[in-house]
Amino acid sequence: MIEIERKYLVKNLDFVKYGVPHRIKQGYISVEDGRVVRIRIKDQKGYITLKSASQGFACHEFEYEIPVSDAQFMLDKMCHKPIIDKTRFDLLHKGKKWEIDVFNGENEGLIIAEIELQSKDEEFKIPPFIDCEVTYDHRYYNAYIAEHPFCTWK
Numbered sequence: 018m019i020e021i022e023r024k025y026l027v028k029n030l031d032f033v034k035y036g037v038p039h040r041i042k043q044g045y046i047s048v049e050d051g052r053v054v055r056i057r058i059k060d061q062k063g064y065i066t067l068k069s070a071s072q073g074f075a076c077h078e079f080e081y082e083i084p085v086s087d088a089q090f091m092l093d094k095m096c097h098k099p100i101i102d103k104t105r106f107d108l109l110h111k112g113k114k115w116e117i118d119v120f121n122g123e124n125e126g127l128i129i130a131e132i133e134l135q136s137k138d139e140e141f142k143i144p145p146f147i148d149c150e151v152t153y154d155h156r157y158y159n160a161y162i163a164e165h166p167f168c169t170w171k
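All residue numbers for the sequence shown refer to our numbering, where the first residue is 18 and numbers rise by one.
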């Protein structure tokens with residue numbers, strides 16, 4: 018499956034009153050040449066995800082549900098540290114689903130909004146809480162902040 022995604026920084030917390038929160042912990046078994054193997058626990062479900070290197074704002078992504086106990090073991094014993102801890106707010110804006118991640122722990126203070134699109138040319142309306150686009154800035158990808166936490170940025 019091809020994932021086409023755009024990323025934005027968020028300027029305020031107005032989205033919180035409209036979004037549905039989910040707690041996410043995720044880690045990376047491998048990050049090499051833009052390809053990743055990710056483990057995630059979202060609410061009470063476990064997932065393993067494989068992503069190809071991005072081409073623009075698209076990549077191939079394969080995600081599979083796994084037992085949450087397996088995911089927890091992998092996070093504890095197999096993933097690089099620190100583990101990403103975030104609260105994701107899912108919301109609809111003008112008919113499009115947005116995911117806003119409010120990071121905790123070593124990445125506290127970072128808030129990133131994402132929208133997945135059907136095509137790279139798909140039009141959509143930007144919500145009022147969005148600041149600026151960071152799709153092409155690798156620092157705002159989870160695989161990067163897992164290795165370079167936001168608290169270490171100057």
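Ideal Cβ placement from N, Cα and C applies to all residues, glycine included.
Just so it is clear, the structure is predicted and the values come from calculations on it, not from any experiment.
* **Cβ pair count under 8 Å reaching 3, the stretch 122-140 against the stretch 84-98** => The count of Cβ pairs closer than 8 Å, one atom from the stretch 122-140 and one from the stretch 84-98, stays below three, leaving the stretches out of contact.
* Asked: Are the beta-carbon atoms belonging to residue 56 and residue 91 less than 7 Å from one another?
  -> For residue 56 and residue 91, yes; Cβs fall inside 7 Å.
* Asked: Rounded to a whole number of angstroms, what is the C-alpha to C-alpha distance between residue 113 and residue 83?
  -> Distance between residue 113 and residue 83, taken at the CA atoms: about 28 Å.
* To do: Return the CA-CA distance between residue 69 and residue 31, expressed in angstroms with no decimal places.
  => Rounded to whole angstroms, the separation of the alpha carbons of residue 31 and residue 69 is 33 Å.
* To do: Using 10 angstroms around the beta-carbon of residue 159, count the other beta-carbons present and answer buried if the total reaches 16, otherwise exposed.
  => Burial call: buried.
* Compute the Euclidean distance between the alpha carbons of residue 58 and residue 88, then round it to the nearest angstrom. => Approximately 7 Å, taken between the alpha carbons.
* Contact set for residue 28: own chain, Cβ-Cβ below 8 Å, skip 5 residues either direction -> The answer, listed in chain order, is 146, 147 and 148.
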